[in-house]
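K.L.:
Each residue of the sequence shown is one higher than the one before, counting from 13 in our numbering.
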Amino acid sequence: MSTLTMRSKYLKLIAHLATIVTVACWGSSFVSTKVLMDKAGFTPVEMFSYRFCAAYLLLLLYTCRKSLLAKNWRDEALFFLCGVCSGSLYFITENVALLHTTAGNVSLLASISPIFTTILLGIFYKMRIGSGVILGSVIAFVGVGCIVFSSGSGLEIHPLGDLLALSAALSWAIYSIAVKRLIPVYNSFFITRKLFFYGVLTSLPLLFSQQAPLHLKMLLDFSHPEYLLNFAFLVVMCSVVAYLIWNESMKILGSVTANNYLYGQPLVTMIAAAIVFHDPFTLLGAIGCVLIIGGLVLSDKYPEIRLRRQ
Numbered sequence: 013m014s015t016l017t018m019r020s021k022y023l024k025l026i027a028h029l030a031t032i033v034t035v036a037c038w039g040s041s042f043v044s045t046k047v048l049m050d051k052a053g054f055t056p057v058e059m060f061s062y063r064f065c066a067a068y069l070l071l072l073l074y075t076c077r078k079s080l081l082a083k084n085w086r087d088e089a090l091f092f093l094c095g096v097c098s099g100s101l102y103f104i105t106e107n108v109a110l111l112h113t114t115a116g117n118v119s120l121l122a123s124i125s126p127i128f129t130t131i132l133l134g135i136f137y138k139m140r141i142g143s144g145v146i147l148g149s150v151i152a153f154v155g156v157g158c159i160v161f162s163s164g165s166g167l168e169i170h171p172l173g174d175l176l177a178l179s180a181a182l183s184w185a186i187y188s189i190a191v192k193r194l195i196p197v198y199n200s201f202f203i204t205r206k207l208f209f210y211g212v213l214t215s216l217p218l219l220f221s222q223q224a225p226l227h228l229k230m231l232l233d234f235s236h237p238e239y240l241l242n243f244a245f246l247v248v249m250c251s252v253v254a255y256l257i258w259n260e261s262m263k264i265l266g267s268v269t270a271n272n273y274l275y276g277q278p279l280v281t282m283i284a285a286a287i288v289f290h291d292p293f294t295l296l297g298a299i300g301c302v303l304i305i306g307g308l309v310l311s312d313k314y315p316e317i318r319l320r321r322q
């Protein structure tokens, strides 16, 4: 086996492990979000705006000597689209969906994002998605359903909330396809910083128009240090580190393989809920774990993704 092949396999292994870490952060972020929203009173718009603004400032300090703009206006427009779709539009529609439908519906419908990504990749990049990816995605999605319904909540139809949850899933898929054009040209630090900038910029009108009072000062309430600690976790691990790893992993693994790991978020959430909130770990949930892992392995082992002949 050549050195180049060995290096490629090593990089892919690192990318797989890094992607698992990212999904673990995103899947467990609900704990910190729940603390800040339920105990400190933060609204969904505040949660996104403060978190990503702080993350943007951290990246700006690190890359302040580098250019703030893309190489051309077409790329700048793509950065705007990615920032909206992976930031303000995705998080706000998902959070608002929770007000109009069940948490189970949102969790299940938002997990369709990898399927949307696969479809859009086939349309815009004229790629043929093989049976391994399709079957693996279906198996993983069924696993997500098992985890969602293991809590005892059934699937109820709530048109507005369900459409918003689907919109969030489609929004993330659009970002995954759009950023594919930027990844070969720009480094992950620049891409992530631009995503945060446009995400925050488009959320500010909603932030300043909300009727609820702003709760930023709660982070300085030293009688409750858990507020600042949870916020720091969301900013550093779930935003800066996770997005940097995610964008770098998509460069190595591709959009389809990387996005299939998103099926693991409900799995992480279920485990975190069992540890933190002592939620019961059911047989149906265990079956869901097995199906998700099996679907991911199948998708990675038999990807069969190739260009369609013209």
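By construction, the Cβ of each residue, glycine as well, lies at the ideal position given by its N, Cα and C atoms.
#1: What residue from VAL35, LEU172 and LYS24 has the CA that sits closest to VAL323's CA?
#2: Please confirm whether LEU176 and THR269 have their CB atoms less than 9 Å apart.
#3: Taking all protein chains shown into account, decide if MET18 is buried (16 or more other Cβ within 10 angstroms of its Cβ) or exposed.
#4: Rounding to the nearest angstrom, what Cα-Cα distance links LEU133 and PHE64 in this structure?
#5: Apart from the five residues just before and just after SER123, which ones in its own chain have a Cβ nearer than 8 Å to its Cβ?
#6: Consult DSSP for PRO196 and reduce its assignment to one of helix, strand or coil.
#7: Identify the continuous alpha helix (DSSP H) that holds PRO10 and give its terminal residues.
#8: Return yes when the Cβ of TYR187 is within less than 9 Å of the Cβ of CYS97, no when it is not.
#9: Return the residue from the list PRO237, PHE201 and ALA298 that minimises the CA-CA distance to PHE91.
#10: Would ARG205 and TYR68 be called neighbours here (beta carbons separated by less than 9 Å)?
#11: Is GLY53 buried or exposed, if buried means 16 or more other CB atoms sit within 10 Å of its CB?
#12: Can you check whether the CB of PRO126 is closer than 9 Å to the CB of ASN271?
#13: Inspect the beta-carbon positions of LEU310 and GLY148 and report whether they are closer than 9 Å.
#14: Can you find the residues in the same chain that come closer than 7 Å, C-beta to C-beta, to VAL212, ignoring five residues on each side of it along the sequence?
#15: Which ranges does the beta strand (DSSP E) cover as unbroken runs of at least 3 residues, wholly within the region 65-146, from first to last along the chain?
#16: Considering only their Cβ atoms, is the gap separating GLN222 from THR105 smaller than 9 Å?
#17: Roughly how far, in whole angstroms, is the beta-carbon of SER40 from the beta-carbon of LEU246, given that I think they are within contact range, below 8 Å?
#18: Return helix, strand or coil for ALA152, following the three-state DSSP convention.
#19: TYR74: buried (16+ other C-beta within 10 angstroms of its C-beta) or exposed?
#20: Within the continuous alpha helix (DSSP H) that includes LYS263, where are the two ends?
#21: Cβ atoms of LEU48 and CYS243: under 9 Å apart, would you say?
#22: Taking 9 Å as the cut-off, decide whether the C-beta atoms of SER100 and LEU231 are in contact.
#23: Pick helix, strand or coil for ALA190, following the three-state DSSP scheme.
#24: Tell me which residues share the same chain as GLU58 and place their Cβ nearer than 7 Å to its Cβ, disregarding the 5 neighbours each side in the sequence.
#25: Using DSSP with H/G/I as helix, E/B as strand and the rest coil, what is GLN222?
#26: Using only the alpha-carbon positions, how far apart do ILE257 and HIS236 sit?
#27: Could you tell me whether the Cβ atoms of TYR137 and ILE189 are closer together than 9 Å?
#28: Count the other C-beta atoms from every protein chain shown that fall within 10 angstroms of the C-beta of PHE128, then say buried if there are 16 or more, exposed otherwise.
#29: For a test of the three-state rule: what should DSSP assign to LYS51, helix, strand or coil?
#30: Tell me the rounded alpha-carbon separation between VAL150 and LEU120.
#31: Considering only the beta carbon of each residue, do ILE159 and GLY297 sit closer than 9 Å?
P.N.:
Looking at the atomic coordinates:
#1: With the chain represented from 13 up to 322, any question about residue 323 goes unanswered, as that position is not in the structure.
#2: Your numbering for residue 176 matches position 164 in the sequence shown. Your numbering for residue 269 matches position 257 in the sequence shown. It is not a contact, given that the beta carbons lie outside the stated cut-off.
#3: Here the question's residue 18 lines up with position 6 in the sequence shown. With fewer than 16 Cβ atoms within 10 Å of its Cβ, MET18 is classed as exposed.
#4: Translated into the one-based positions of the sequence shown, residue 133 becomes position 121. Translated into the one-based positions of the sequence shown, residue 64 becomes position 52. Cα to Cα, the separation comes out at about 27 Å.
#5: One-based indexing of the sequence shown puts residue 123 at position 111. PHE153, VAL156, ALA181, LEU274, TYR275, GLN277 and PRO278, listed in sequence order.
#6: Along the sequence shown, one-based indexing puts residue 196 at 184. Coil, per DSSP.
#7: Limits of the chain in this structure are 13 at one end and 322 at the other, which puts residue 10 out of reach.
#8: Within the sequence shown, residue 97 is the residue found at index 85, counting from 1. Within the sequence shown, residue 187 is the residue found at index 175, counting from 1. The answer is yes: Cβ separation under 9 Å.
#9: If you number the sequence shown from 1, residue 91 lands on position 79. Out of PRO237, PHE201 and ALA298, PHE201 has the C-alpha closest to the C-alpha of PHE91.
#10: Working through the sequence shown from its first residue, we reach residue 205 at position 193. Working through the sequence shown from its first residue, we reach residue 68 at position 56. Cβ distance < 9 Å, so ARG205 and TYR68 count as in contact.
#11: Here residue 53 refers to the residue found at position 41 of the sequence shown. It is exposed - the Cβ of GLY53 has fewer than 16 other Cβ atoms within 10 Å.
#12: Locating residue 271 in the sequence shown gives position 259, counting from the first residue. Locating residue 126 in the sequence shown gives position 114, counting from the first residue. Taking 9 Å as the Cβ cut-off, ASN271 and PRO126 qualify as a contacting pair.
#13: Residue numbering aside, residue 310 sits at position 298 when the sequence shown is read from its first letter. Residue numbering aside, residue 148 sits at position 136 when the sequence shown is read from its first letter. In this structure, GLY148 lies closer than 9 Å to LEU310 by Cβ.
#14: The residue given as residue 212 occupies position 200 in the sequence shown. If we look at VAL212 and ignore the five residues flanking it on each side, its Cβ neighbours are SER61, PHE64, CYS65 and TYR68.
#15: 139-141
#16: Numbered from 1 along the sequence shown, position 93 holds the residue referred to as residue 105. Numbered from 1 along the sequence shown, position 210 holds the residue referred to as residue 222. Taking 9 Å as the Cβ cut-off, THR105 and GLN222 do not qualify as a contacting pair.
#17: Here residue 40 refers to the residue found at position 28 when the sequence shown is read from its first residue. Here residue 246 refers to the residue found at position 234 when the sequence shown is read from its first residue. Not really, about 10 Å apart at Cβ, beyond 8 Å.
#18: Looking up residue 152 in the sequence shown gives position 140. Note: ALA152 maps to helix in three-state DSSP.
#19: In the sequence shown, counting from the first residue as 1, residue 74 sits at position 62. Label assigned to TYR74: exposed.
#20: Looking up residue 263 in the sequence shown gives position 251. It spans 254-265 - the alpha helix (DSSP H) in which LYS263 sits, taken as one unbroken run.
#21: One-based indexing of the sequence shown puts residue 243 at position 231. One-based indexing of the sequence shown puts residue 48 at position 36. Strictly speaking, residue 243 in this sequence is Phe, with Cys absent from that position. Closer than 9 Å, so yes.
#22: By 1-based counting over the sequence shown, the position of residue 100 is 88. By 1-based counting over the sequence shown, the position of residue 231 is 219. Not closer than 9 Å, so no.
#23: Taking the sequence shown and counting its residues from 1, one reaches residue 190 at position 178. In the structure shown, ALA190 sits in a helix (DSSP, three-state: H, G or I).
#24: Translated into positions along the sequence shown, residue 58 becomes position 46. So the list reads LEU219, LEU226 and HIS227, once near-sequence residues are dropped.
#25: Taking the sequence shown and counting its residues from 1, the one referred to as residue 222 is at position 210. Three-state DSSP puts GLN222 in coil, outside helix and strand.
#26: Position 245 of the sequence shown, counted from the start, is the residue given in the question as residue 257. Position 224 of the sequence shown, counted from the start, is the residue given in the question as residue 236. Distance between the alpha carbons of ILE257 and HIS236: 31 Å.
#27: Position 125 of the sequence shown, counting from 1, holds the residue named residue 137. Position 177 of the sequence shown, counting from 1, holds the residue named residue 189. Cβ distance < 9 Å, so TYR137 and ILE189 count as in contact.
#28: As a first step, residue 128 is located in the sequence shown; it is residue number 116 there, counting from the start. By the neighbour-count rule (16 or more Cβ atoms within 10 Å), PHE128 is buried.
#29: Walking along the sequence shown from the start, residue 51 turns up at place 39. Looking at LYS51 - three-state DSSP - the assignment turns out to be coil, as it is neither helix nor strand.
#30: Numbered from 1 along the sequence shown, position 138 holds the residue referred to as residue 150. Numbered from 1 along the sequence shown, position 108 holds the residue referred to as residue 120. Roughly 13 Å separates the two Cα atoms.
#31: Stepping through the sequence shown from its first residue, residue 159 is reached at position 147. Stepping through the sequence shown from its first residue, residue 297 is reached at position 285. For ILE159 and GLY297, yes; Cβs fall inside 9 Å.
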